[in-house]
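Chains as they are written, first to last, in our numbering: chain A, 634 to 872; chain B, 634 to 872.
There are 2 protein chains.
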Amino acid sequence: MMISNTKNADSVTSCGSCSVRAVSFCSAVPHRDLGVLARSRHQIQFRRRETIVREGDAAVSFFNVTAGIVKLYRSLSDGRTQIMGFRFPGELFAIAETSRYGTTAEAVTDVETCRYPRARLKRLTSSFPQLQAKLLQMSYREQVASDDHIFLLGRKTAREKIATFLLRYGREACQGIGGKGRHVNLPMTRTEVADFLGLTTETVSRVLTSLARESIITVGVSRSVGLIDIDSLTRMSGK
Amino acid sequence: MMISNTKNADSVTSCGSCSVRAVSFCSAVPHRDLGVLARSRHQIQFRRRETIVREGDAAVSFFNVTAGIVKLYRSLSDGRTQIMGFRFPGELFAIAETSRYGTTAEAVTDVETCRYPRARLKRLTSSFPQLQAKLLQMSYREQVASDDHIFLLGRKTAREKIATFLLRYGREACQGIGGKGRHVNLPMTRTEVADFLGLTTETVSRVLTSLARESIITVGVSRSVGLIDIDSLTRMSGK
DNA sequence: CGTGATATTGAATTGCATCAAGCTAAGTGG
DNA sequence: CCACTTAGCTTGATGCAATTCAATATCACG
């Protein structure tokens with residue numbers, strides 16, 4: 634069994650040939666300076682279910698996702714858990730300038746990241762002023778996503794929540810997978826979907842089977858969902 | 634009756650003597666360059682209930698609150714409304730780099746703002762690199778607040794929501810008002826509280842009277858609330 | 001092929017919403 | 001300055017969407 638959290642020589646990628654560079658914050662670093670960036674980061678992998686950073690711990694690193702999906706969440710001692718959001722390849726997490734991490738980050742799938750010391754960030758942004766503009770842009774985009782999520786949690790019904798989720802994350806999570814682009818393999822469990830949408834697993838399950846009975850979706854094995862009637866889903870997503 | 638939305642000569646403030654400068658984004662502009670900033674902005678007032686920007690409109694300006702409170706919200710055609718957050722003096726809104734405003738902004742109290750053309754922002758940030766760092770810091774702080782709100786909406790009960798709100802916004806909204814620092818005059822209506830917390834006005838009212846019966850708070854006239862047993866409130870806020 | 005983790009389904013419960021009055025306070029115009 | 005008006009707030013009765021509790025079913029994996 635492979636030990637995780639270790640650099641795996643096979644998978645070390647140079648920044649120049651990185652698959653997420655185009656969409657990631659590193660796109661703000663000029664090509665000829667990528668060496669500076671590469672020297673600042675460690676490439677770290679995590680296996681599904683592994684905790685990457687823990688809410689409340691001293692915030693020493695920030696991360697860039699290069700492969701896989703990360704969830705950011707908070708839990709109460711009584712077990713109530715809310716997932717604030719997911720991070721996909723090219724997205725950053727644990728970057729807010731606070732002394733302690735504000736959320737726990739956990740690998741939803743096997744994940745590859747670049748880890749940077751936060752202390753290095755100041756030096757990087759002063760070396761590459763574009764970087765700050767890029768970080769700001771990414772932060773604003775996150776804010777828009779948070780506002781969407783706030784509306785969903787505060788005012789949408791279970792059906793609307795699920796419809797929104799299937800359209801929004803189904804697509805994002807599995808671009809390029811499945812026939813006709815409307816068959817998605819959800820990477821997250823029912824519990825994770827529920828903890829994201831402010832529901833229970835039972836309710837998620839019930840809504841999915843009810844949508845399937847109405848032939849709006851199909852529910853297959855291993856978290857595959859077919860989006861049959863996207864128009865209905867869109868209408869019921871409450872937009 | 635005064636016409637709103639007009640510059641009122643009496644209340645024009647120079648940036649140098651602005652009451653919110655210390656805490657606002659303009660603190661990143663050196664004192665000797667405040668003239669540049671002042672020439673970029675219009676000071677605009679809004680009366681309680683006035684809409685400042687409308688969701689979906691072309692995003693031409695961003696605003697800095699200098700007095701009063703602004704709410705940011707989205708509505709569905711069926712009337713469901715969710716307030717994403719409030720903006721207090723020194724805070725920015727409508728600044729995310731999108732072509733259209735993502736939320737409606739409305740004055741909760743009489744409000745004074747500085748309005749800037751978005752087109753000017755690029756020039757300002759390139760003139761004052763500190764500004765970008767400040768904007769990023771403010772954006773991250775907002776993100777933390779959004780995460781708090783997401784948890785509240787997704788996982789807290791009505792009582793926990795109200796307790797959290799009273800502690801968090803009661804204090805913030807009325808610093809310096811009232812005896813012993815624990816008597817707050819909520820500036821927002823029950824409907825606004827409800828639309829912020831994902832509840833109905835009736836539930837807000839019921840929870841408040843129930844907390845009053847338990848002598849945890851007192852509910853007075855004109856939205857004044859006395860926080861009697863702050864420890865109980867803190868415990869029940871679900872932190 | 002068995003075992004633990006995930007997912008579904010059913011029945012009962014409940015927290016909050018909805019519907020429906022009434023009440024209170026703050027304006028507003030006479 | 002007072003009666004009228006209306007927006008805002010409270011309270012009560014009832015309904016229902018989603019949770020909770022409890023089995024069972026199915027999948028993934030060694």
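Heads up, the beta-carbon is just placed ideally off N, CA and C, and yes, glycines get one too.
Chain-order list of residues whose beta-carbon lies under 7 angstroms from that of residue 670(A) (same chain, five-residue window excluded) = 648, 659, 662
Three-state secondary structure (DSSP) at residue 721(B)?
-> coil
Closer than 9 angstroms to chain A by CB, residue 766(B) = yes
Closer than 7 angstroms, Cβ to Cβ, to anything on chain B: give me those residues from the region 779 to 791 of chain A, in chain order.
-> 779, 780, 782, 783, 784, 786, 787, 788
Per DSSP, residue 794(B) is paired with what?
-> Bridge partners of residue 794(B): none, in fact.
At which residue ranges does the region 685 to 766 of chain A contain complete alpha helix (DSSP H) runs of 4 or more residues, listed in the order of the chain?
-> 752 to 760
Through-space distance from residue 848(A) to residue 797(B), alpha-carbon basis | 42 angstroms
8 angstroms Cβ cut-off: residues of chain A touching residue 777(B) | 729, 731, 735
Mind checking which residues open and close the beta strand (DSSP E) that includes residue 860(B)?
-> 857 to 860
From residue 740(B) to residue 832(A), what does the alpha carbon distance come to, in whole angstroms?
-> 33 angstroms
Can you tell me whether residue 664(A) is buried or exposed, with buried defined as 16 or more other CB within 10 angstroms of its CB?
-> exposed
For residue 675(A), the nearest candidate out of 751(A), 860(A), 763(A), 702(A) (CA to CA) | 751(A)
How would you write the range of the beta strand (DSSP E) that residue 679(B) sits in, first residue to last?
-> 675 to 679
Against chain B: residues of the region 701 to 715 of chain A by CB proximity under 7 angstroms | 707, 709, 713, 715
Roughly how many angstroms separate the alpha carbons of residue 856(A) and residue 868(A), rounded to a whole number?
-> 23 angstroms
Any Cβ of chain B within less than 9 angstroms of the Cβ of residue 802(A)?
-> no
Give the single residue among 817(B), 745(B), 781(B), 791(B) whose Cα lies nearest to the Cα of residue 715(A).
-> 781(B)
Hey, residue 795(B) and residue 840(B) are a contact pair by Cβ (cut 8 angstroms); roughly how many whole angstroms apart?
-> 5 angstroms
Residues in the region 653 to 668 of chain A with C-beta within 7 angstroms of chain B's C-beta atoms, listed in sequence order?
-> none
Taking the continuous alpha helix (DSSP H) assigned at residue 840(B), which residues delimit it?
-> 834 to 846
Sequence-distant residues of its chain with Cβ nearer than 7 angstroms to residue 792(A) (five each side left out) = 840, 869
Residue 762(B) touches chain A at which residues, Cβ-Cβ below 7 angstroms?
-> 762
Secondary structure at residue 852(A), three-state DSSP: helix, strand or coil?
-> strand
Out of curiosity, what's the CA-to-CA distance linking residue 729(A) and residue 770(B)?
-> 8 angstroms
Check residue 777(B) in the structure and name its three-state DSSP category.
-> helix
Is the beta carbon of residue 727(A) sitting closer than 9 angstroms to the one on residue 684(A)?
-> no
If you run the structure through DSSP and keep just helix, strand and coil, what is residue 826(B)?
-> helix
Counting only the same chain and skipping the five closest in sequence on each side, list residues whose C-beta sits under 8 angstroms from that of residue 673(A).
-> 749, 750, 753, 757
Separation of residue 702(B) from residue 656(B), as counted between CA atoms = 16 angstroms
Residues near residue 643(B) by beta carbon distance below 7 angstroms, same chain, minus five either side | Here residue 643(B) scores only 47 on pLDDT, less than 50, and its place in the model should not be relied on; the value that follows carries that caveat. Same-chain partners within the cutoff: there are none.
Run down chain B in chain order and give the residues with a C-beta less than 7 angstroms from the C-beta of residue 717(A).
-> 780, 783
Check whether the Cβ atoms of residue 734(B) and residue 687(B) lie closer than 9 angstroms to each other.
-> yes
With a cut-off of 9 angstroms, does the C-beta of residue 853(B) fall near any C-beta of chain A?
-> no
Return the chain-ordered list of same chain residues with a C-beta closer than 7 angstroms to the C-beta of residue 786(B), the five sequence neighbours on each side being excluded.
-> 831
For residue 817(B), does the three-state DSSP call read helix, strand or coil?
-> strand
Check whether the Cβ of residue 723(A) lies closer than 9 angstroms to any Cβ atom in chain B.
-> no
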